[in-house]
Amino acid sequence: DAGVTQSPTHLIKTRGQQVTLRCSPKSGHDTVSWYQQALGQGPQFIFQYYEEEERQRGNFPDRFSGHQFPNYSSELNVNALLLGDSALYLCASSRDRYNEKLFFGSGTQLSVL
Amino acid sequence: GENVGLHLPTLSVQEGDNSIINCAYSNSASDYFIWYKQESGKGPQFIIDIRSNMDKRQGQRVTVLLNKTVKHLSLQIAATQPGDSAVYFCAEYPGGTSYGKLTFGQGTILTVHP
């Protein structure tokens, strides 16, 4: 039973560029949430996707956007990258949108130079 | 704003000792709490959860205690092993319709010495 998978594992970008991160949820899960984890901090909620729509959103600017596909996989897009966007980006999935138990992937480490 | 925090940022123990990691929360409306373990280079791994209508829940070598009166959560690890070395986070759900929206504390670094 595959867990949550994310790609790529590491990414280096320069300021102003755009980036797309990908996530496949755990088998049997249909809801995906994205989190940003800065070094030495706990993860912070970005948004949640269910039925291909954004359902919940944290305190992140519009530069952060996402998408969910019919197979439940998801993408996180960040435009106009800033140095402060450097972080570990975590994807989490749950069995449905009302299930609080989240299972996390290993994340994508994004470095913005 | 309201947040979840930890009393101790680091904890060092000897192998075989029992470990206790503490967490304070300020949102009295939170109704569900989770402890996660995060090893270097990995994402948070679910350890144990507890709902606000419970005071205690036990798993394999782990116990979570919830004291709603003082808004305190703790994770007890019995017979701590070197493989338990990691960062431990408590996280809460604020209740209502905030599904998927966990609020994490800053984490406690647990180091287990052989």
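One line per chain: the protein sequences are A and B, in this order. With the working numbering applied, the first sequence covers 7 to 119. With the working numbering applied, the second sequence covers 583 to 696. Idealized CB from N, CA, C, for every residue including glycine.
Any C-beta of chain B sitting closer than 8 Å to the C-beta of A/Arg21?
On the first sequence, position 15 is the one that residue 21 of chain A refers to. No, because no Cβ of chain B sits closer than 8 Å to the Cβ of A/Arg21.
Residue closest to A/Gln74, alpha-carbon to alpha-carbon, out of A/Gly9, A/Thr20, A/Tyr55 and A/Asn105
For this step, residue 74 of chain A is matched to residue 68 along the first sequence. It is A/Tyr55.
For B/Ile629, count the other beta carbons within 10 Å of its own beta carbon; 16 or more makes it buried, fewer makes it exposed. Which is it?
Working through the second sequence from its first residue, we reach residue 629 of chain B at position 47. With 16 or more Cβ atoms within 10 Å of its Cβ, B/Ile629 is classed as buried.
Please decide whether B/Pro626 counts as near chain A, where near means a Cβ-Cβ distance under 8 Å.
Here residue 626 of chain B is taken as the residue at index 44 of the second sequence, counted from 1. B/Pro626 counts as touching chain A.
Report yes or no: do three or more beta-carbon pairs, one from the stretch 599-615 of chain B and one from the stretch 26-38 of chain A, lie closer than 8 Å?
no
Identify whether B/Leu684 lies in helix, strand or coil by the three-state DSSP scheme.
Here residue 684 of chain B is taken as the residue at index 102 of the second sequence, counted from 1. Reduced to three states, the DSSP call for B/Leu684 is coil.
For the beta strand (DSSP E) that contains B/Thr693, what are its first and last residues?
Along the second sequence, one-based indexing puts residue 693 of chain B at 111. Thr690 to His695 is the span of the beta strand (DSSP E), which, as asked, contains B/Thr693.
Distance between A/Arg103 and A/Gln47 (C-alpha atoms, nearest Å)
The residue given as residue 47 of chain A occupies position 41 in the first sequence. The residue given as residue 103 of chain A occupies position 97 in the first sequence. Cα to Cα, the separation comes out at about 25 Å.
Can you grab the Cα-Cα spacing for the pair B/Gln640 / B/Gly687, in whole Å?
Taking the first residue of the second sequence as position 1, residue 640 of chain B is located at position 58. Taking the first residue of the second sequence as position 1, residue 687 of chain B is located at position 105. C-alpha separation (whole angstroms): 21 Å.
Could you list which residues in chain A have their beta carbon closer than 8 Å to that of B/Lys683, in chain order?
Looking up residue 683 of chain B in the second sequence gives position 101. Chain A residues near B/Lys683: Ser39, Phe51, Gln54, Gln62 and Gly64.
Taking A/Phe146 as the reference, give the member of B/Gly689, B/Glu621 and B/Lys683 with the closest Cα.
Given that chain A is displayed from residue 7 to residue 119, the structure contains no residue 146 of chain A and the question cannot be resolved.
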